[in-house]
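Engineer:
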Amino acid sequence: TLEPFSRAGWRVYAFEPDPENRAILEQHIKRSGLKNVIVDERALGDCPGELSFFKSDVSKGISSLLDFHESHTAIGKVKVTTLNDFLRSQGIHKIDFLKTDAEGYDLKILQGIDLDTYQPEVILREFEDAKTTKLDYTVRDTAAYLHQHQYRILFSEWYPIRQYGTRHQWKRFTTDMEQLDPKAWGNIIAVRPAHFDRLCQLSKKI
1 TLEPFSRAGW RVYAFEPDPE NRAILEQHIK RSGLKNVIVD ERALGDCPGE
51 LSFFKSDVSK GISSLLDFHE SHTAIGKVKV TTLNDFLRSQ GIHKIDFLKT
101 DAEGYDLKIL QGIDLDTYQP EVILREFEDA KTTKLDYTVR DTAAYLHQHQ
151 YRILFSEWYP IRQYGTRHQW KRFTTDMEQL DPKAWGNIIA VRPAHFDRLC
201 QLSKKI
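Going by my numbering, the letters in the sequence shown line up with residues 1 to 206, in that order.
The following block contains the structure:
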């Protein structure tokens, strides 16, 4: 996701606590000659500290602070910060695009940033109730949280995952949460109201 933004001249901050995935990311950044990309080894959450980190031999894509899969094994602890603390430390006052794909920890990340102060224009984040119910929240809770902060939402729904580490199948875009399959997963695209009509128009071209 970060490459097009870097090539367009954006300043990109990437957080990757998984040592293996971080090494791959840093190699890609160097090999591709990407500029304005800063990689931080910490995880993000709703409060600073240290938490256990879990990896899987089934898929490199499900490393997480949450042990939601039977293949997960704890590899140690990682440092955790919040976006509020990070943004203050960097003197950043505004975010244009915020993407989270934290394998179940996404709402925690949103709860660690003052959305009314930093007002990201676009938020792209993963949802999958099979993971997040272990943290006592669902896609409904995330949607309600974003609506509370004046965001409009489009769902990018994928068919239920049969097995991690294999190819998945996309289903559709929808604005109606009631249409989502309870076992589905996908992404929430949340935007400021001024961008919502444009977002819906673009989704119809895919």
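Ideal Cβ positions, reconstructed from N, Cα and C, are used throughout, including at glycine.
Apart from the five residues just before and just after residue 151, which ones in its own chain have a Cβ nearer than 6 Å to its Cβ?
Structural biologist: Taking the sequence shown and counting its residues from 1, the one referred to as residue 151 is at position 151. Cβ neighbours of residue 151 beyond the five flanking positions: 190.
Engineer: Write down every uninterrupted run of the alpha helix (DSSP H) in the stretch 70 to 97 whose length is 4 residues or greater and which is fully enclosed by it, in chain order.
Structural biologist: DSSP runs (the alpha helix (DSSP H)) wholly in the stretch 70 to 97: 83 to 90.
Engineer: On a Cα-Cα basis, can you pick out the residue from 186, 181, 12 that is closest to residue 37?
Structural biologist: Locating residue 37 in the sequence shown gives position 37, where the first residue counts as 1. Taking only the C-alpha atoms, the option nearest residue 37 is 12.
Engineer: State the Cα-Cα distance for the pair residue 95 and residue 206, rounded to the nearest angstrom.
Structural biologist: Along the sequence shown, read from residue 1 onward, the residue named residue 95 stands at position 95. Along the sequence shown, read from residue 1 onward, the residue named residue 206 stands at position 206. Roughly 26 Å separates the two Cα atoms.
Engineer: With distances taken Cα to Cα, identify the nearest neighbour of residue 175 among 168, 200, 161, 8.
Structural biologist: Counting from one through the sequence shown, the residue named residue 175 turns up at place 175. The shortest Cα separation from residue 175 among 168, 200, 161, 8 belongs to 200.
Engineer: When DSSP builds the beta bridges, which residues end up paired with residue 13?
Structural biologist: For the purposes of this step, residue 13 is taken as residue 13 along the sequence shown, with counting starting at 1. Paired residue(s): 38.
Engineer: Got a sec, what are the start and stop residues for the alpha helix (DSSP H) residue 24 sits in?
Structural biologist: Taking the sequence shown and counting its residues from 1, the one referred to as residue 24 is at position 24. That run of the alpha helix (DSSP H) goes 19 to 32.
Engineer: Does DSSP classify residue 153 as helix, strand or coil?
Structural biologist: The residue you call residue 153 lines up with position 153 of the sequence shown. If DSSP states are grouped into helix, strand and coil, residue 153 belongs with the strands.
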